[in-house]
Amino acid sequence: MRLGLDLRRRPEGVRSGNVLGALRLLRFTRYVANQGIAMKINSDQAGCEIVAGPGESINDCDPREIVSLVRRHGWLVFDGFDATVAEFEALTSRFGTCAGTRTVHYPAGGEALGFHAEDAYNPYRPDAIWFLCVFAGSDGGAPTRIVDGVRLLGDLGADWQEFCRANVLRFDRQWSRELWQAGVGPQGKAELDAVLRGIPAVSHQFLRNGDLHVSYSTPIVTRTPAGEDSFSNTMLQAITEPPFYGLSLGNGAPVPPELAETVQQMAIDREIRLGWKAGRAGVLDNFRMMHRRSEYNGTGRDLRARHCEDFFGSVLPDASTPVSAWAKSLLQGDEGYPVQVGPLDRETALTTSERA
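Position in the sequence shown (first residue = 1) + 364 = the numbering used here.
In structure tokens, the structure reads:
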């Protein structure tokens, strides 16, 4: 199913520009001492910022306070620190297991992305995602759009809330024998099979033609680290790119178009615009917030991102061996597009020579 979604519309009465939020709520300012440094914290009900004082570095901020703020408010930005990449990496490395810093890709056509939680379509969903703007680019600080999944779920009608709580999302993808054998070797099948068997919510089959079919199921409604229910998933983005995600409901049925359209419109109406300028950093609770890439028609933008797997203490599937690391890369989509997506038909499933 392909759904036409307008990713450019902004809520009525909201101006363009580098504002922190279209939904500005009552703000509180407080100061927290950390080794002699008084951290200035401006906080809203959803969202928070730490503002640098004279001579302060981003690494002067207290990691425990940062975790507490993100747990409570969902997202946090660091203003006035003019952080470098080295300072950003030093800070983020203090929060457990973090993936390598990557550069956010902005396609030449300037296309936007739909709302999503990072890696919510695979079992390696990180607790938090960090961003750093190195250079805003020729089109200025075109914002990243974020939306609070707790508020989104609460504003859904009762029928859709019940539907979302009662259903899961399923991602079915199939990769060729040539691809997985190139990744683990012809003799690595048994180990790959064992790795996939050990990952929660994943099922897999090696098909008669040697292809590998993998299915991953995940709730539509997640629980945040603060204990709240949230509509935070990859449904809206997955609908726009079927050949990559292979999205369906847990029973194999398509996501109801009415649900997707309702949630998309509500998300756009409630989105918060996180603008960028050189040196600004931010971090999102990846179980509460969804984000999307805005249209960007300029050149030269340099925005970095880093996943923090256990920011709140989550334990992800082991990826410490070469085969388990390759399986992680495969399921995250880094080894190429699947050759086929969607649930297996009954005949294919029944004639599979080996079933996991």
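In this text, a Cβ means the ideal position worked out from N, Cα and C, and glycines have one as well.
Asked, Found
"Gly552: CB within 8 Å of a non-hydrogen atom of the ligand HEM", "You won't find the ligand HEM in this model; it holds no ligand whatsoever."
"Supposed close pair Ala645, Trp439 - CB separation, criterion 8 Å", "Not quite, the Cβ-Cβ distance comes to about 12 Å (not below 8 Å), so this is no contact."
"Residues bridged to Ser567 [DSSP beta-bridge criterion]", "Ser579"
"Complete runs of the beta strand (DSSP E) confined to the region 629 to 712 [at least 3 residues]", "636 to 638, 645 to 649, 653 to 656 and 666 to 672"
"Residue burial classification, Ala546 (beta-carbon count within 10 angstroms, cutoff 16)", "exposed"
"Rounded distance between the beta-carbons of Leu516 and Arg634, thought under 8 Å", "6 Å"
"CA-to-CA distance, Gly417 to Ile563, given in whole angstroms", "46 Å"
"Short Cβ contact (9 Å threshold) for Asn650 with Asp512", "no"
"Residue(s) in a DSSP beta bridge with Thr508", "Leu638"
"Assigned exposure category for Pro702 - 16 Cβ within 10 Å defines buried", "buried"
"Given Ile430 as reference, the closest of Glu420, Cys462 and Phe442 once Cα atoms are compared", "Phe442"
"Ala476 versus Thr508: straight-line alpha-carbon distance, rounded", "10 Å"
"With 16 other Cβ atoms within 10 Å as the buried cut-off, status of Gly662", "exposed"
"Span of the beta strand (DSSP E), counted from its first residue to its last, around Phe499", "Ala492 to Phe499"
"Terminal residues of the alpha helix (DSSP H) in which Ser432 lies", "Pro427 to His437"
"Extent of the continuous alpha helix (DSSP H) to which Thr456 belongs", "Val449 to Thr456"
"Residue from Pro550, Ile510 and Leu533 whose Cα sits closest to the Cα of Arg541", "Pro550"
"Residue from Gly419, Asp523, Arg534 and Leu638 with nearest C-alpha to Gly616", "Arg534"
"Contacts around Gly664, its chain only, beta-carbon distance under 7 Å, and the 5 residues preceding and following it disregarded", "Phe499, Gly501 and Ser502"
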